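Colleague: Note that UniProt numbering numbers the sequence shown so that position 3 is 3, with each residue one more than the last.
What follows is a single structure, and I will ask about it in a moment.
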Amino acid sequence: MHHCARGPREAAKTSLSPAVELGVDSLARLWFGDVTAAQLARSGIVHGSPGSVQELSRLFATAFGPVNLNDF
Numbered sequence: 001m002h003h004c005a006r007g008p009r010e011a012a013k014t015s016l017s018p019a020v021e022l023g024v025d026s027l028a029r030l031w032f033g034d035v036t037a038a039q040l041a042r043s044g045i046v047h048g049s050p051g052s053v054q055e056l057s058r059l060f061a062t063a064f065g066p067v068n069l070n071d072f
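Below, the structure is given as structure tokens:
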């Protein structure tokens, strides 16, 4: 169970269709913050209604993108 400002939340298995479908690799990129769900949807990697994809983009939005401070 996860607790947040709006109270406890939890995940449960359901038979409902997903609002958005994506692979683990796409989820990792959203978590890293180098792309938005909308960008991945335009590439055909994320699938869902425009509203659901925008909501997913909003959920993973950050004020600043990732930065790599290493010189290669």
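For glycine and all other residues, C-beta sits at the position ideal for the given N, C-alpha and C.
For clarity, every value in this text was computed on a predicted model and none was experimentally measured.
With DSSP as the reference, label residue 55 as helix, strand or coil.
Modeller: Note: residue 55 maps to helix in three-state DSSP.
Colleague: Going straight from the alpha carbon of residue 48 to that of residue 33, what length do you get?
Modeller: Taking the straight line joining both Cα atoms gives about 19 Å.
Colleague: What are the complete alpha helix (DSSP H) segments, minimum 4 residues, inside the region 11-59?
Modeller: The qualifying runs are 24-32, 37-42 and 50-59.
Colleague: Find out if the Cβ-Cβ distance for the pair residue 24, residue 37 is shorter than 8 Å.
Modeller: Not closer than 8 Å, so no.
Colleague: Return yes when the Cβ of residue 45 is within less than 8 Å of the Cβ of residue 17, no when it is not.
Modeller: No, these two residues do not count as a Cβ contact at 8 Å.
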